[in-house]
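Enquirer: Below is the structure I would like to discuss, written out as structure tokens.
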Amino acid sequence: MKRMLINATQAEERRLAIVDGQKLLDYEIEIEGREQRKGNIYKAVVTRVEPSLEACFVDYGEDRHGFLPFKEISRQYFAQGVQANGARIQDAIREGQELVVQVEKEERGNKGAALTTFISLAGRYVVLMPN
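The opening position of the sequence shown corresponds to residue 3 in the working numbering, with each subsequent residue numbered one higher.
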């Protein structure tokens, strides 16, 4: 059974955990006075492709570059002639390439935000996924 646990003992910080039995599914920290970026959509530029991580780092306008895993990159951004099956990130994506990204997870510690190119806009009764 899924449960949502909320810790709001400190006025300036709220913590939320979603658990399923003994398994932690999601964990969020909200700090008062700090703007939440999760769900925001940005135009980004690939700054570094990292084949060993199967990911790239992108500049989306914040202090730290965001982390974009290869599995979170839509095929529409792949280089001409690259097949989706068995493709490598260094063949599909190049530095300087522009992408539209959405923040999936906020920046934490010294790590940048986790990003995706699969944009979704959630409403009350529908989730719009234009890809």
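Beta carbons are placed, not taken as given, at the ideal position from N, Cα and C, and that holds for glycine.
Keep in mind it's a predicted model, so treat the numbers as computed, not measured.
With a 10 Å radius around its C-beta and 16 neighbouring C-beta atoms as the bar for buried, classify Ala13 as buried or exposed.
Expert: Per the 10 Å Cβ criterion, exposed.
Enquirer: Compare the Cα-Cα distances from Lys45 to each of Val51, Ile33, Leu27 and Gly68 and report the closest residue.
Expert: Closest by alpha carbon: Gly68.
Enquirer: Give me the Cα-Cα distance between Ile8 and Glu106, rounded to the nearest whole angstrom.
Expert: Cα to Cα, the separation comes out at about 20 Å.
Enquirer: For the segment 96-106 against the segment 116-123, do three or more pairs of beta-carbon atoms, one drawn from each stretch, fall closer than 8 Å, so that the two count as touching?
Expert: The segment 96-106 vs the segment 116-123: in contact.
Enquirer: Answer yes or no: do Gln92 and Val51 have a C-beta to C-beta separation smaller than 9 Å?
Expert: Cβ distance < 9 Å, so Gln92 and Val51 count as in contact.
Enquirer: What do you reckon, is the C-beta of Val102 under 8 Å from a heavy atom of the ligand SAM?
Expert: Because no ligand of any kind appears in the structure shown, any question about the ligand SAM cannot be addressed here.
Enquirer: Determine the contact status of Glu56 and Ile31, defining contact as a CB-CB distance below 9 Å.
Expert: No.
Enquirer: Rounded to a whole number of angstroms, what is the C-alpha to C-alpha distance between Gln24 and Leu18?
Expert: For Gln24 and Leu18, the distance between alpha carbons rounds to 15 Å.
Enquirer: Which one or two residues does DSSP pair with Tyr29 in a beta bridge?
Expert: The partner list for Tyr29 (beta bridge, DSSP) reads Ala19.
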